[in-house]
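Trainee: The structure under discussion is supplied below as structure tokens; questions concerning it will follow.
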Amino acid sequence: MKWKAIRTIGYEQDYLDKLSKYMDIRPVGFALGDNLLGEDEMITALAGVDIFVVCYDVITKRVIEGCPDLKLIASTRGGPEANIDIDAATAVGIPVLYAAGRNAQAVAEYVVAFMLAMARPLYESDRQTREGILMDMGDSSRSRANGEVELSTADRDVVWPLEPDTPAYQAHQRLFGTELYGKTLGLIGFGVIGQTVARVAQSFCMRILVYDPYMDQEEIAKHGAQSANLTSVMSQSDYITLHARLTLGSVGMIGRNELRAMKPTACLINTARAALVDEDALLEALREGWIRAAGLDVHHQEPIPLNHPILSIDPERVILSPHLAGSTKEVTSHHSILLTETLSHYLEGKHLSRGLFNPQVFENCNYANRGGLLFGSLK
Amino acid sequence: MRLFISARFTDEAIDFLRPHFGEIRLGGFRKYGFRESGTKMPEEELLRETEGCEVVIVEYDPVSERVLSQPGLRLLACCRNEPEANVDIQAATRYGIPVLYPHGRNAVTVAEFAFGLMLAIARNIARVDYLIKYSYELTSDVPLPGTSSDRAVTSEWSLAQGAPMWRFSGPELCGKTLGLVGFGVIGQAVARLAQGFKMKLIVYDPYVAPERVAALGGRQVDKRELFSTADFVSVHCKVTPETKGLISADEFNVMKPTAYFINTARAVIVDTQALVEALQSGKIAGAAIDVYDREPIEPDNPLRQLPNVVLTSHLAASSCDIPIRHSMMIAEDIDRVLRGERPVSVANPEVLGRVLR
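Residue numbers (our numbering), protein chains in the order written: chain P, 38 to 416; chain G, 854 to 1210.
Here it is as structure tokens:
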């Protein structure tokens, strides 16, 4: 007898084949290119279904209470709490499996991209080059008319020569920057994403400081990083990147005090959740120059409304991207590998070191009649 | 002894050298910065300022035979990668004067920039940053209900077909193949950073020893294999008669349509028309360019109109950290020579036999 499953997310075929050995798995909704399921559609789709392989669909308490057959939720996300009511699932004995770290590499590379673009103003230079601000057309056409040497780089080694004291020259001089080499990167949160960021940053010879109240010093030191309190990280780092989970305790954890503590040459990067940062404090910090720049992939309102104050901040002090740090072409492959392994281990009754979001479900009295029926059912 | 410095040179490096010198004179750009006469010292001024000096540190000032022939001059340091561009090295050799230079002072600078470019084009970050700030394409005139501290929000920009996650997602660097054309000190710095991204490394450079490539986890290949296998191609070779026009339509034709081309070296190495054609026809996924056939770039340059390219204004080596690095590199090498030891980098090593006991 095979368990019945539906999936509302893309999944690599090879791994679907592996899963098909122990479950009949049917694509629904988003997996077919349709919209996410609403509550009633979800309840209907889950009738008689044991396992829900899900990504973005919002699983509310009402859905959970309306699906007596559901025994296991398997999320392909690294942060399933964003759209699944974990407490409600736990209360009825449903374990929530997830693909921890499926986008760790994608996010880490985006964070490094932001740092490199804040060390040297890549995007600003790209815009100015395209828009002709750095072309100094007047002066160079004048010198050509005078019969002076053409500014060809094939024969003469020239580096963007411009007449000193022209606006173009001044614009170009402002594009000089710094290097990451030898600078200090501060990480707020040191889970699998934070650890991946640290690993890449170390190859740039950056010094790594970590604030993570859930990890001890020795554990952090094993990754070649140094544990520090929040104030030390904020005041000593040249770049600070947020990788903490959003909880009641971490909302607004980066506020006026934290931003004021930063060096005026330091930069803040947020690819985690916008609510970790007090938005008004950040706007003030950027306007007043408490910090040099911010790289923001997540926003208090998404899409950013066109009259949002962040859009009137000096564009050289902010990088804005539309929540893409965790989006790469490889993420589907990563979640297929991770979740298939976690699901197989669960069904084989193996201990899960990672991949179970709510281990407290084992203590729940309803577990035996729900998730408990699947655990080890393949032995 | 007397020391003269016209290069950008830090106070820390000067303090490091102080024990060797009774007098340290600052002049030229180090003392005056930009002047009406320009940034380079005229010969007469340099002769005056270096009279009686045993050690001279310049950066871009021309150093002629007249300057080098002054009695008492023992050692010259030129704070740039190509000292031959402004120093008469042959004359220095004739007078037995070692010419020190900070070989690779900008290797890390350029390597970091090359990765900045790779990520900017592959993940479309330059494009989305621009669209959010300067267009209405990605902003909304309808604020979403609630904010992202409300857990019910799925926190994706949108999942609809035309949404950013479908239009602007790109590849990870991890596990991809980086192909380097040229493996000198800059190429090697790039290779070190590539290890942090867990990229596979292949190298086309007929002049580098295979052990050097292997030591950085890479494999030496011929030109065709490099261009046809790499997911990212980055150019790091010098301009020589052999490398002018080294990369043309033949190379772009064999590249993968998902591959990216990065050039922080010199434009003359690449056939720009072939590059434009490759970008327009989708032969390659995108490119990031820092160097051009004419600089500043001319208004009608076709690269400016292409959507799948990042264009920066020759900034790869533009870092305020370089003078800090070259100051200590030169200071340490001057110290070595004055104590009778071999320096780390000298343009005319044949002179050392006479100079060091």
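C-beta: ideal position from N, C-alpha, C; glycine also.
Do you know whose CA, among P:159, P:54, P:78, P:89, lies nearest residue 41 of chain P's CA?
Mentor: Checking every option, the nearest Cα to that of residue 41 of chain P belongs to P:89.
Trainee: Can you check which of these residues, G:1033, G:928, G:1040, is closest to residue 1209 of chain G by C-alpha distance?
Mentor: For the residues G:1033, G:928, G:1040, the minimum Cα distance to residue 1209 of chain G belongs to G:928.
Trainee: Is the beta carbon of residue 145 of chain P less than 8 Å from the beta carbon of residue 234 of chain P?
Mentor: Yes, Cβ-Cβ distance for residue 145 of chain P and residue 234 of chain P is below 8 Å.
Trainee: Along chain P, in chain order, which residues have C-beta atoms closer than 7 Å to that of residue 979 of chain G?
Mentor: Residues of chain P passing the Cβ test: 159, 160, 163.
Trainee: Go ahead and pull the three-state DSSP assignment for residue 952 of chain G.
Mentor: In this structure, residue 952 of chain G counts as strand in the three-state DSSP scheme.
Trainee: Does the beta carbon of residue 882 of chain G come closer than 8 Å to any beta carbon on chain P?
Mentor: Cβ-Cβ to chain P under 8 Å: no for residue 882 of chain G.
Trainee: Answer yes or no: does any C-beta atom of chain G fall closer than 8 Å to that of residue 239 of chain P?
Mentor: Output row for residue 239 of chain P: interface = yes.
Trainee: Does residue 989 of chain G come within less than 8 Å of chain P when only Cβ atoms are used?
Mentor: Closer than 8 Å to some Cβ of chain P, the Cβ of residue 989 of chain G qualifies, so yes.
Trainee: When you check each C-beta in the stretch 131-155 of chain P against every C-beta of chain G, which residues fall closer than 9 Å?
Mentor: So the close ones are 142, 143, 145, 146, 147, 149, 150, 151, 152, 153, 154.
Trainee: Kindly say whether residue 215 of chain P, judged by its beta-carbon, lies nearer than 8 Å to any beta-carbon of chain G.
Mentor: Residue 215 of chain P counts as touching chain G.
Trainee: Are the beta-carbon atoms of residue 799 of chain G and residue 963 of chain G separated by less than 8 Å?
Mentor: Chain G is shown only over 854 to 1210; residue 799 of chain G falls outside these bounds and no answer can be derived.
Trainee: Give the straight-line distance between the Cα atoms of residue 1049 of chain G and residue 1144 of chain G, rounded to the nearest whole angstrom.
Mentor: Cα to Cα, residue 1049 of chain G sits roughly 26 Å from residue 1144 of chain G.
Trainee: Output the distance between the C-alpha atoms of residue 922 of chain G and residue 1122 of chain G, rounded to the nearest integer angstrom.
Mentor: Looking at the two C-alpha atoms, the distance is approximately 38 Å.
Trainee: Using the Cβ count rule (16 or more neighbours within 10 Å means buried), how would you classify residue 43 of chain P?
Mentor: Label assigned to residue 43 of chain P: buried.
Trainee: Would you say residue 243 of chain P and residue 224 of chain P are within 8 Å of each other, going by their C-beta atoms?
Mentor: No, Cβ-Cβ distance for residue 243 of chain P and residue 224 of chain P is not below 8 Å.
Trainee: Could you tell me the alpha carbon to alpha carbon distance between residue 952 of chain G and residue 915 of chain G, rounded to whole angstroms?
Mentor: Near 13 Å, if we compare the C-alpha coordinates of residue 915 of chain G and residue 952 of chain G.
Trainee: Determine which residues share a DSSP beta bridge with residue 112 of chain P and list them.
Mentor: P:91, P:135, per the DSSP bridge assignment.
Trainee: Excluding the 5 residues flanking residue 214 of chain P on each side, which residues of the same chain have their C-beta closer than 7 Å to its C-beta?
Mentor: 156, 157, 158.
Trainee: Considering Cα atoms alone, identify which of P:285, P:284, P:286, P:295 is closest to residue 278 of chain P.
Mentor: Minimum Cα distance to residue 278 of chain P is reached at P:295.
Trainee: Residue ranges of each alpha helix (DSSP H) run of no fewer than 4 residues wholly in the stretch 1119-1177 of chain G, ordered along the chain?
Mentor: You should have 1125-1133.
Trainee: At least one CB of chain G closer than 8 Å to the CB of residue 261 of chain P: is that the case?
Mentor: Taking Cβ atoms only, chain G never reaches closer than 8 Å to residue 261 of chain P, which makes this a no.
Trainee: What does residue 965 of chain G reach in chain P if we use C-beta pairs closer than 8 Å?
Mentor: What residue 965 of chain G touches in chain P: 153, 156, 157, 216, 217, 218, 241.
Trainee: In the DSSP assignment, find the unbroken alpha helix (DSSP H) run with residue 319 of chain P in it and report its ends.
Mentor: Note, residue 319 of chain P: alpha helix (DSSP H), 316-325.
Trainee: Any beta-carbon of chain G closer than 8 Å to the one on residue 341 of chain P?
Mentor: So, interface residue.
Trainee: Using a Cβ-Cβ cut-off of 7 Å (strictly less than) and excluding sequence neighbours within five positions of residue 335 of chain P, which residues of its own chain qualify?
Mentor: Answer for residue 335 of chain P: 307, 308, 309, 310, 311, 360, listed in chain order.
Trainee: What residues from the stretch 55-73 of chain P come within 9 Å of chain C, judged by C-beta to C-beta, listed N to C?
Mentor: Among the protein chains in the structure shown, which are P and G, there is no chain C.
Trainee: For residue 366 of chain P, count the other beta carbons within 10 Å of its own beta carbon; 16 or more makes it buried, fewer makes it exposed. Which is it?
Mentor: Per the 10 Å Cβ criterion, exposed.
Trainee: Residues in the stretch 1167-1179 of chain G with C-beta within 7 Å of chain P's C-beta atoms, listed in sequence order?
Mentor: Within the stretch 1167-1179 of chain G, the qualifying residues are 1167, 1168, 1171, 1172, 1173, 1174.
Trainee: Give the interface partners of residue 36 of chain P over in chain G, defined as CB-CB distance under 7 Å, in chain order.
Mentor: In the structure displayed, chain P extends from 38 to 416; residue 36 of chain P sits before or after that span and is not available.
Trainee: Quick one: what's got a C-beta closer than 6 Å to residue 247 of chain P's C-beta in the same chain, skipping five residues either side?
Mentor: Hits under 6 Å: 224, 227, 257, 262, 264.
Trainee: Indicate whether at least one CB of chain G lies closer than 8 Å to the CB of residue 49 of chain P.
Mentor: Chain G, which has no Cβ nearer than 8 Å to the Cβ of residue 49 of chain P, makes this no.
Trainee: Give the secondary structure of residue 1105 of chain G by DSSP, where H, G and I count as helix, E and B as strand, and everything else as coil.
Mentor: Residue 1105 of chain G falls in the helix class under three-state DSSP.
Trainee: Any beta carbon from chain P within less than 8 Å of residue 986 of chain G's own beta carbon?
Mentor: Yes, contact with chain P.
Trainee: Have a look at G:898, G:1202, G:1103, G:932 and flag the residue whose alpha-carbon is nearest the alpha-carbon of residue 861 of chain G.
Mentor: It is G:932.
Trainee: Less than 8 Å between the C-beta atoms of residue 896 of chain G and residue 859 of chain G, yes or no?
Mentor: Their beta carbons are not under 8 Å apart, which means residue 896 of chain G does not touch residue 859 of chain G by this criterion.
Trainee: Which class does residue 19 of chain P belong to by DSSP, given the choice of helix, strand or coil?
Mentor: Only positions 38 to 416 of chain P appear in the structure, and residue 19 of chain P is not among them; the question remains open.
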